[in-house]
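Residues in the sequence shown are numbered from 61 upward in steps of one, following our numbering.
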Amino acid sequence: MMRRTGKMYLILPLCAFLLGSCALLKPQQQTAKEKTEKPANENLVFIDGIATPRTGKTSEHRSKTRNTSISAVPTGVNSIEEARSWQFKYAQLLDLPVENVVNEKLFNFIEDWWGTPYQMGGSSKNGIDCSNFVHTLMASVFQISLIGNSIQLYSQVKKIKKHSDLQLGDLVFFAINRKKRISHVGIYLENDRFVHASSSAGVMISDLRETYWVRYYAGAGRIN
C-alpha cells in the first residue's frame, strides 16, 4: 500500500501540470486562429455610408443634364407617351425640358419653314431673306405687322441693354458686313437660341453663345 500511495502522489502533480498546459495552449491557438480569419466586413470600404469592395470597382450612376423624366411633360399631357415628336425635337434644340415647349403655333411655324433656302429679297418657301422671315413669323405667330430690312427694323425697336432681359419674340441683330452696320436679324426664342434665315443653311435655330454670333452680335430690341 505504501508503494502504491507513493506512486499516486507522483501521478497527481503530473496531471495538474498537463491540465494547466492545455489551458495555456488554448488561448494561444485561438489567437493564431483569429489572426488567420478576417471579419466578413473587412473586405468593404465605407465611403459616405456606401459599402464598396476594396478592389475599387463601384457601380456607376451618370446623371444627364436636362434629363426628361416621366414628370417632365407638357402642360395638359397625362403621360410622356402623349408628348408629340415636335415637342421632343425643339426641347432638344433649345436645351429645355419638354414641359417648357408648349407654344405649338410658334414651333409648327418654324417646323413648316425649316430649311427654306436663303434668297435675298425672297419671301416664299422657294427662298426667303432674314428680314422677310421675321416679318412672316411675327405676323403669323404674334400678329405683329412689321416692314423694312434689318437696318430699318433696328431703328423701330426699343433697345434691350441687358442680355439677360431678352424674351420670346424679341429681335436680335448682327453686324456681319465690313462696314459694321446692321446686316442680319433673327427672332429670340429661349435659352440663348434664336430662329433666323441664315445665308448658309436657310431657316434654322442658332445659339447666341456660338463664337461666330458673339463676334457679330450688335444688340437686341423689342417691338412696342
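Where is the CB? At the ideal position from N, CA and C, for every residue including glycine. This one's a predicted model, so the numbers in the text were calculated from it and none came from an experiment.
Reduced DSSP category for residue i - H, G, I as helix; E, B as strand; rest coil
i    : result
A151 : helix
R253 : strand
K185 : coil
D230 : coil
S259 : coil
M198 : helix
I170 : helix
P99  : Residue placement at P99 is poorly supported in this model, since its pLDDT is 43, which falls under 50; the coordinates are not used for a value here.
K222 : coil
I204 : coil
I283 : coil
Neighbourhood of residue i by C-beta, 6 Å cutoff - its chain only, sequence neighbours within 5 removed
i    : result
N186 : none
Y178 : A257, S259, G262
V161 : Q147, Y150, A151
T176 : K185, I188, G262, V263
H195 : L206
F202 : G229
Member of the options whose CA lies at the smallest distance from the CA of residue i
i    : options                : result
F169 : K219, I247, T271, R269 : I247
S270 : G208, N209, R253, R238 : In the sequence under discussion, the amino acid at residue 270 is Glu, which differs from the Ser named in the question. For the residues G208, N209, R253, R238, the minimum Cα distance to E270 belongs to R253.
L166 : S260, Y150, N192       : Y150
I211 : K221, S183, S243, S184 : S243
L156 : E250, S266, V194       : E250
N209 : K218, S224, M180       : M180
M264 : Q147, K222, W174       : W174
R241 : E159, G182, Y276       : Y276
V245 : K222, F193, R144       : F193
L213 : S191, K222, V255       : S191
For residue i: DSSP bridge partner residues
i    : result
K239 : Answer is none; K239 lacks a bridge partner.
V245 : F233
S266 : F254
Y277 : F234
Y178 : I188
Same chain only: Cβ atoms within 7 Å of residue i, ignoring 5 sequence neighbours per side
i    : result
S200 : F169
Y272 : none
I220 : L226, D230, A280, G281, R282
L197 : F169, I247
A218 : The sequence given here has Lys at residue 218, not Ala. So the qualifying residues of the chain are G281, R282, N284.
Residues of its chain near residue i, where Cβ-Cβ distance is below 8 Å and the 5 sequence neighbours each way are ignored
i    : result
V274 : L268
K239 : none
L153 : R253, I265
Three CB pairs or more closer than 8 Å across the stretch 264-284 and the stretch 228-241: yes
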